[in-house]
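First residue of the sequence shown? That's 35 in this note's numbering, and the numbers climb one at a time after it. For reference, the structure is listed below as structure tokens.
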Amino acid sequence: MALDHLKECSVLCLPGVKPENETVTSLFTEDPKLAFYIAAQKFMPEPPPTGVHPTAILHPEARVHLSASIGPFCLIDKCVIGEGTHIQSHVRIGENTRIGKNVQVETGTYVGATGQVWAWDKRGRKWIMPQLGGVVVEDDCFIGSNVSLVRGALQDTILERGCRIAHGSMIGHNCHFGRETFVSNGVAIAGAVTTGKYCFLGSGSRYRPGIRLGDNVTVGVGAVVIESFPDEGAVLAGVPAKIIKRAHLGEKLTGFPVKPNAIR
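Here it is in structure tokens:
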């Protein structure tokens with residue numbers, strides 16, 4: 035048994051799994067991974083000190099909650115940053131951005147970057163559409179390092195509550211991600227892409243402008259999504275991406291975390 039080498043410790047395990055060594059305490063649970071993640075909260079590092087680092091630059095009209103933390107060498111334009119939010123070092127928060135409570139933005143990220151949208155006239159002159167919208171990041175979101183989150187052209191780019199954007203991803207203008215959607219590392223999403231709630235976008239996947247994904251859609255690693263998939267629970271893979279199965283909430287997919295049994 036893989037647990038036989040353990041001694042003088044406690045183990046979270048499924049009912050019926052018992053190490054041979056009597057010095058090991060078995061703590062039975064139907065979901066050992068979840069129990070371990072909950073227990074690990076006790077070892078979370080101390081939160082950063084509140085306030086604005088002296089090297090950060092804030093716009094005079096920026097509204098930063100007193101309990102928020104702004105790290106070294108940040109550039110904060112005219113925006114709103116909510117309670118308990120932590121902005122790490124070397125982050126740019128653009129004008130007309132609204133960030134909610136308990137959001138974390140990691141080093142090297144730009145929230146509110148300028149998108150590129152244009153049209154040509156008959157004389158060959160290129161007319162750039164001014165990016166007049168903003169970015170809305172709702173409560174409890176996470177934005178990793180080196181992420182580019184482009185503001186909207188007219189409407190806002192929106193991350194609903196609990197969204198998580200992993201490191202190195204690029205999000206185009208006017209995108210709208212439903213609650214608890216996860217964007218993996220190195221994902222590139224063109225403008226005006228909309229997802230439902232509890233979607234999972236695999237590492238290195240790519241998305242054509244304007245597509246729509248339904249609730250609980252899962253996209254595999256490296257997939258190229260060039261059409262909309264509005265059906266709930268679709269699992270996509272390939273180039274171009276196609277539906278390979280349909281998954282229910284609570285169903286375990288290889289390589290993906292189990293989602294809740296119901297969409298809130």
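Idealized CB from N, CA, C, for every residue including glycine. If you're wondering where the values come from, they're calculated on a predicted model, not measured in any experiment.
Less than 8 angstroms between the CB atoms is what I'm expecting for residue i and residue j, so what's the real figure, rounded?
i    : j    : result
S328 : I121 : Outside the displayed span of the chain (35 to 298) sits residue 328, for which this structure offers no information.
V181 : G202 : 7 angstroms
R246 : S262 : 4 angstroms
L350 : S218 : Absent from the structure is residue 350, since the part of the chain shown begins at 35 and ends at 298.
G196 : I223 : Rounded, the Cβ-Cβ distance is 18 angstroms, inconsistent with contact.
I199 : G178 : 6 angstroms
R185 : G267 : About 31 angstroms separates the two Cβ atoms, so there is no contact after all.
K67  : S60  : K67 to S60, Cβ: 16 angstroms. No contact.
G134 : V171 : 6 angstroms
H87  : G105 : 6 angstroms
P82  : F62  : In fact, because the Cβ distance is near 37 angstroms, the residues do not count as touching under 8 angstroms.
Taking the continuous beta strand (DSSP E) assigned at residue i, which residues delimit it?
i    : result
K279 : K276 to R280
Y144 : Y144 to A147
F62  : T59 to F62
A271 : A268 to A271
I162 : K160 to I162
I133 : T131 to I133
S182 : S182 to V184
T191 : T191 to L193
S44  : S44 to C47
A169 : According to the sequence provided, residue 169 is Val. The question's Ala does not apply to it. Counting along the chain, the beta strand (DSSP E) containing V169 begins and ends at V169 to V171.
A153 : W152 to W154
Can you tell me the Cα-Cα spacing of residue i and residue j, whole angstroms?
i    : j    : result
G85  : R213 : 29 angstroms
V114 : R240 : 30 angstroms
D265 : H282 : 12 angstroms
G272 : G256 : 7 angstroms
T119 : R126 : 14 angstroms
V227 : V151 : 15 angstroms
V259 : A275 : 5 angstroms
Y362 : T89  : Since the displayed the chain opens at 35 and closes at 298, residue 362 lies outside it and no answer follows.
G244 : G225 : 6 angstroms
H17  : K112 : The shown model of the chain, from 35 to 298, leaves out residue 17, and the question about it has no answer.
G158 : R97  : 43 angstroms
D190 : M163 : 15 angstroms
L183 : H39  : 47 angstroms
V20  : V145 : Any property of residue 20 remains undetermined from this structure, which presents the chain solely from 35 to 298.
Check for me: the alpha helix (DSSP H) holding residue i runs from which residue to which?
i   : result
E68 : Going by the sequence as given, residue 68 is Leu instead of Glu. First-last of the alpha helix (DSSP H) with L68: P66 to A74.
Can you name, in chain order, every residue of its own chain whose Cβ lies under 8 angstroms from the Cβ of residue i, other than the five neighbours on each side?
i    : result
I91  : C108, L109 and I110
G238 : S218, N219, G220, V221, V255 and G256
Excluding the five sequence neighbours on either side, which residues of its own chain have a C-beta within less than 6 angstroms of the C-beta of residue i, listed in chain order?
i    : result
F70  : L46
N130 : G168
V269 : T252, I278, K279 and A281
Q165 : T148, G149, R185 and A187
G137 : Note that residue 137 is Val in the sequence shown, not Gly. For V137, where only same-chain residues beyond five positions count, the Cβ hits under 6 angstroms are T119, V171 and C175.
R132 : V114 and V170
Whose C-beta lies closer than 7 angstroms to the C-beta of residue i among residues of the same chain, with five residues either side of it excluded?
i    : result
K41  : N55, T57 and V58
V155 : Note on identity: in this sequence residue 155 is Asp, with Val being the wrong assignment. Once the five neighbours on either side are set aside, the close Cβ partners of D155 are W161.
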